[in-house]
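Peer 1: Residue numbers (the numbering used here): 3 to 423.
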Ligand code: HAM
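1. Residues in the same chain with beta-carbon distance under 8 Å from residue 390, minus the five sequence neighbours each way, listed in chain order, please.
2. Contact between the segment 52-72 and the segment 156-176: three or more CB pairs below 8 Å?
3. Is any heavy atom in ligand 1 found nearer than 7 Å to the beta carbon of residue 96?
4. Helix, strand or coil: how does DSSP classify residue 278 here?
5. With contact counted as at least three CB pairs below 8 Å, one residue from each stretch, are the segment 159-168 and the segment 38-46 in contact?
6. Going by other Cβ atoms of all chains shown within 10 Å of its Cβ, with 16 needed for buried, is residue 289 buried or exposed?
7. State yes or no: is the C-beta of residue 373 nearer than 7 Å to some heavy atom of ligand 1?
8. Rounded to a whole number of angstroms, what is the C-alpha to C-alpha distance between residue 336 and residue 343?
9. Quick one: what does DSSP say residue 213 is sitting in, helix, strand or coil?
10. Whole-angstrom Cβ separation of residue 265 and residue 167, contact assumed at under 8 Å?
11. Please return the same chain residues whose Cβ sits closer than 6 Å to the Cβ of residue 113, not counting the five positions on each side in sequence.
12. Kindly examine ligand 1 and report whether one of its heavy atoms sits closer than 7 Å to the Cβ of residue 294.
13. Please determine if the segment 318-334 and the segment 345-364 are in contact, where contact requires at least 3 C-beta pairs separated by less than 8 Å.
14. For residue 419, does the count of other Cβ atoms within 10 angstroms reach 16, so buried, or fall short, so exposed?
15. Just the Cα atoms here: how many angstroms apart are residue 127 and residue 386?
16. Contact defined as beta carbons within less than 8 Å: I believe residue 89 pairs with residue 292. What is the distance between those atoms, to the nearest angstrom?
17. Here's the rule I'm using: 16 or more other beta-carbon atoms within 10 Å means buried, otherwise exposed. How should residue 263 be labelled?
18. Tell me whether the beta-carbon of residue 388 lies closer than 8 Å to the beta-carbon of residue 334.
19. Please tell me whether, using a cut-off of 7 Å, the distance from the CB of residue 127 to the nearest non-hydrogen atom of ligand 1 is below it.
20. Just to confirm before moving on: does the CB-CB distance between residue 312 and residue 279 stay below 8 Å?
21. May I ask whether a heavy atom of ligand 1 can be found less than 7 Å away from the beta carbon of residue 78?
22. So is residue 364 buried or exposed if we call it buried at 16+ other beta carbons inside 10 Å?
23. Give a yes or no on whether the C-beta atoms belonging to residue 268 and residue 148 are separated by under 8 Å.
24. Would you say residue 122 touches ligand 1, meaning its beta carbon is less than 7 Å from a heavy atom?
Shown next as structure tokens:
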């Protein structure tokens with residue numbers, strides 16, 4: 003019985019079985035840069051997303067999972083994390099304290115998109131947001147932390163595309179110029195309608211016949227006001243100082259409406275139809291759009307599944323949770339009773355340990371030990387118990403030694419040949 007369309011299960015041995023380790027690895031650089039852990043609800047009022055993400059976006063018009071609660075309030079499963087994290091930070095008054103407020107998060111997001119490889123209806127993001135400071139050095143930090151996240155996982159083919167979308171001073175005039183340019187082109191009805199809603203979105207049209215007509219379209223980067231241009235230069239200088247290479251992407255259009263100035267995407271060519279593994283940008287007007295005070299912000303979100311598909315495409319193993327160190331095999335009732343306490347002692351000492359449950363006999367239990375992936379089996383028979391020792395089997399070297407029962411935890415803690423953590 004499969005789950006709903008566009009969903010998948012995380013279980014050992016499944017394609018996204020290692021996603022918890024990947025989430026943790028992706029957020030490790032942000033943790034080291036002072037981004038504190040945050041969680042906001044998985045559902046929020048529908049209005050929060052329509053105002054925050056934007057009425058003209060595909061996300062709001064076509065992709066939200068919206069439902070009424072029992073009091074007939076309209077709620078929506080979060081399609082992204084930024085709006086909810088910002089709402090939570092404002093609600094808690096964090097913006098009145100030390101700035102920037104630096105937050106990181108991880109969790110499922112929901113978009114009713116047409117499912118395909120790398121595109122799901124429930125998918126996982128990790129993200130970070132830096133609130134309250136408009137400083138291009140912070141933009142550079144944010145962009146670099148995403149870059150570092152992929153690099154530390156071992157990915158070598160991620161590219162960073164970056165541009166500026168201008169601000170309230172320079173974008174309206176640019177938007178009007180682009181709209182005027184588009185009216186002169188031979189575009190189908192649907193595209194015209196999109197151009198009216200948001201002409202920038204047409205720039206992102208992948209169809210060659212549309213792209214051919216867009217060769218001479220005006221570009222935002224050529225129309226930036228001086229402060230926006232200076233900001234962009236300072237960001238790229240900061241990236242150079244951090245050793246992060248980027249590609250200018252003057253036609254980059256994001257699927258969410260809240261962006262201004264610095265806007266970027268991390269792309270990977272090994273994923274088939276989807277190329278964006280992560281993306282983000284500055285959103286200085288978002289707080290006001292959702293009813294908050296003026297508060298600048300910048301952040302990103304990285305797609306966990308697409309990151310894992312990129313790892314597979316580059317043949318880089320995903321980080322794994324540390325496995326079992328010890329598998330205890332009791333033989334006989336008295337040994338079983340003692341083994342239950344023994345695995346407890348091992349675990350309290352920080353040694354990952356499991357026990358052969360189900361009284362399968364020596365052969366079945368040893369097979370279970372082999373399959374468990376543990377470095378050692380500890381075999382404890384009733385005779386061993388009388389002698390006060392256990393048989394410690396190194397399952398990789400196939401060697402066996404007798405170790406005093408009471409000294410086992412100390413013996414394994416001191417062991418540095420693998421297995422203990
Ligand atoms: P986004 O570009 O919409 O940005 O999503 C970020 C990443 O989530 C994408 O690059 C992709 O890897 C992944 N993703 C999006 N939709 C799907 C899907 N249907 N299936 C699988 N993966 C998907 C945001 O969500 C912004 N909140 C990022 C941000 C944070 N901007 C500022 N702060």
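From the three backbone atoms N, C-alpha and C, an ideal C-beta is built for every residue, glycine too. Source: prediction; values computed, not measured.
Peer 2: Inspection of the coordinates gives the following:
1. On the chain shown, residue 390 is found 388 positions in, with the first residue counted as 1. Hits under 8 Å: 406, 407, 408.
2. no
3. Locating residue 96 in the chain shown gives position 94, where the first residue counts as 1. It does not: the Cβ of residue 96 is nowhere closer than 7 Å to a heavy atom of ligand 1.
4. The residue you call residue 278 lines up with position 276 of the chain shown. It is a strand residue.
5. no
6. On the chain shown, position 287 is the one that residue 289 refers to. With 16 or more other Cβ atoms within 10 Å, it is buried.
7. Taking the chain shown and counting its residues from 1, the one referred to as residue 373 is at position 371. Checking every heavy atom of ligand 1 against the Cβ of residue 373, none is found closer than 7 Å.
8. Along the chain shown, read from residue 1 onward, the residue named residue 336 stands at position 334. Along the chain shown, read from residue 1 onward, the residue named residue 343 stands at position 341. Going from the Cα of residue 336 to the Cα of residue 343 covers about 12 Å.
9. As a working note, residue 213 is residue 211 in the chain shown. Residue 213: helix per DSSP, three-state reduction.
10. For the purposes of this step, residue 265 is taken as the residue at position 263 of the chain shown. For the purposes of this step, residue 167 is taken as the residue at position 165 of the chain shown. Indeed, because the Cβ distance is near 5 Å, the residues count as touching under 8 Å.
11. As a first step, residue 113 must be located in the chain shown, where it is residue number 111. Closer than 6 Å at the Cβ level, and outside the excluded window around residue 113, lie 65, 81.
12. For this step, residue 294 is matched to residue 292 along the chain shown. Residue 294: no, Cβ never under 7 Å from ligand 1.
13. yes
14. Position 417 of the chain shown, counting from 1, holds the residue named residue 419. At residue 419 the pLDDT is 41, less than 50, meaning the model places this residue with poor confidence; the figure from the coordinates comes in the next sentence. Exposed, by the Cβ-count rule.
15. On the chain shown, residue 127 is found 125 positions in, with the first residue counted as 1. On the chain shown, residue 386 is found 384 positions in, with the first residue counted as 1. Residue 127 and residue 386: Cα-Cα distance of roughly 51 Å.
16. The sequence position of residue 89 within the chain shown is 87, counting from 1. The sequence position of residue 292 within the chain shown is 290, counting from 1. Confirmed, Cβ separation roughly 6 Å.
17. Position 261 of the chain shown, counted from the first residue, corresponds to residue 263. Buried, because 16 or more other Cβ atoms sit within 10 Å of the Cβ of residue 263.
18. Position 386 of the chain shown, counted from the start, is the residue given in the question as residue 388. Position 332 of the chain shown, counted from the start, is the residue given in the question as residue 334. Their beta carbons are not under 8 Å apart, which means residue 388 does not touch residue 334 by this criterion.
19. Residue 127 sits at position 125 when you count from the first residue of the chain shown. Checking every heavy atom of ligand 1 against the Cβ of residue 127, one is found closer than 7 Å.
20. Within the chain shown, numbered from 1, the residue matching residue 312 stands at position 310. Within the chain shown, numbered from 1, the residue matching residue 279 stands at position 277. Contact flag set, yes.
21. Here residue 78 corresponds to residue number 76 of the chain shown, with the count starting at 1. Result no, Cβ not under 7 Å from ligand 1.
22. The residue labelled residue 364 in the question sits at position 362 within the chain shown. Exposed: under 16 other Cβ atoms inside 10 Å.
23. For this step, residue 268 is matched to residue 266 along the chain shown. For this step, residue 148 is matched to residue 146 along the chain shown. Yes. Within cutoff.
24. Residue mapping note: residue 122 aligns to position 120 of the chain shown, counting from 1. For ligand 1, at least one heavy atom lies less than 7 Å from the Cβ of residue 122.
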